[in-house]
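Position 48 of the sequence shown, counting from 1, maps to 51 under this note's numbering, and the rest follow consecutively.
Written out below as structure tokens is the structure these notes cover.
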Amino acid sequence: MFTRRVLLVLVSTLIAIALALAGCGSGQETTDLSAEKAREVLDDSNRKMGELESLEAYGVYDLEAQGSQGEDLDFEFEVAMDVSPGNPEVHMTINSADKTTDVYMKDGYTYLEVPDEGWVKTETEASDADGFSPPTPTRILEFSENARNLRMVSEDRDHYRLAFDVGEEFIEQQIKASFGVGGSVAGSEEVLQEIIDKTEMTAVFRISKATRYIENADFTMKIGNMPMVGDVSLSIKMEFSRFNEPVDISLPPEALEATEIKPTPKPPPTIPGIPGLE
4 MFTRRVLLVL VSTLIAIALA LAGCGSGQET TDLSAEKARE VLDDSNRKMG ELESLEAYGV
64 YDLEAQGSQG EDLDFEFEVA MDVSPGNPEV HMTINSADKT TDVYMKDGYT YLEVPDEGWV
124 KTETEASDAD GFSPPTPTRI LEFSENARNL RMVSEDRDHY RLAFDVGEEF IEQQIKASFG
184 VGGSVAGSEE VLQEIIDKTE MTAVFRISKA TRYIENADFT MKIGNMPMVG DVSLSIKMEF
244 SRFNEPVDIS LPPEALEATE IKPTPKPPPT IPGIPGLE
């Protein structure tokens, strides 16, 4: 079903966006901190994050959907990243219920283990279209450049807390890229545009004053009255750590014999072992 496919693309797109960043914290709400100060802090943080060569992240994902074909999804993920210029490497572990799925990005390929098929690989550029693009400095800057209504929520001795809305243009670009130009289902472009028009996404960052690194993130996305699903809400809470500490991204021996899969017309993006995403 097309609407289920859109839902899964939104899931994987939100994961990809969240992996590029971090930041949500506590503190007293204030009203006299300027948007200019928030922009200065965010730009400085972008520069520092862009200089990183490695980091790790932990996240909790939650999706709730109304309607007869809606879905509720909850899972956790951990990511280790070597984002050295030229050849980013990533290892993401996704945990849901009693299932664990590992995804690797290394040497230009994305690797994952598919039930009943074994390990498969595809060129990372192709897998980017399904939402699993690595959080390179380029994507960090790309995301923040689309910030709208940027504001400083609070400030304490050690941290800034910023919030902003994600521009519709960026959301539209990411979702349509996941489907290809015009989509592949009759009438899909109109349905897709309707969903984009109803989508709202907000990010909150907690940024260290000492390092300017984004340490925590809280992402929320809401879609009102999605066809066949109803109201949809998604959230990701993340913590980033181990900045510039050594990271070893090594493929398991079985993955070295992975079968290469060539890109095909856009299927629904999947994450094996995750209910509703397999």
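Glycine is no exception: its CB is placed at the ideal position from the N, C-alpha and C atoms.
Simplified DSSP assignment, three categories, for residue i
i      : result
Ile274 : Summary for Ile274: the model assigns pLDDT 41, below 50, so the residue's position carries little reliability; its value from the coordinates is reported in the next sentence. DSSP places Ile274 in coil when its eight states are reduced to three.
Ser37  : coil
Phe246 : coil
Lys51  : helix
Glu126 : strand
Ala258 : helix
Glu120 : coil
Asp46  : helix
Val86  : coil
Asp200 : helix
Ile239 : strand
Glu172 : helix
Glu56  : coil
Distance between residue j and residue i (C-alpha atoms, nearest Å)
i      : j      : result
Ser37  : Lys225 : 27 Å
Gly53  : Asn152 : 23 Å
Gln176 : Leu165 : 24 Å
Ser236 : Val123 : 31 Å
Ile97  : Tyr64  : 10 Å
Asn90  : Ala150 : 27 Å
Lys51  : Tyr163 : 15 Å
Gly186 : Glu193 : With a pLDDT of 45 at Gly186, under the threshold of 50, the modelled position of that residue is not reliable, and the figure given next carries that caveat. Going by the C-alpha atoms only, they are around 10 Å apart.
Met84  : Gln196 : 33 Å
Leu280 : Ser211 : A caution first: Leu280 carries a pLDDT of 44, below 50, which makes its placement in the model unreliable, though a value can still be read off. Taking the straight line joining both Cα atoms gives about 35 Å.
Val82  : Thr103 : 13 Å
Arg154 : Leu76  : 30 Å
Ala68  : Asp105 : 26 Å
Glu39  : Asp46  : 11 Å
Ile264 : Glu126 : 8 Å
Asp119 : Ala258 : 14 Å
Glu92  : Arg215 : 23 Å
His94  : Ser238 : 22 Å
Val184 : Glu158 : With a pLDDT of only 46 at Val184, under the threshold of 50, the placement of this residue in the model should not be trusted, and no figure is reported.
Pair within 8 Å by beta-carbon distance, residue i and residue j
i      : j      : result
Asn247 : Leu66  : no
Asp221 : Gly227 : no
Lys240 : Gly121 : no
Ser57  : Val86  : yes
Ile252 : Tyr107 : yes
Glu242 : Ala60  : yes
Ile217 : Ile199 : no
Ala213 : Phe167 : no
Burial state of residue i (16 or more Cβ within 10 Å)
i      : result
Gly111 : exposed
Arg209 : buried
Met204 : buried
Thr262 : exposed
Glu79  : exposed
Ala284 : One cannot answer for residue 284 here, as it falls past the ends of the chain, which runs 4 to 281.
Glu260 : exposed
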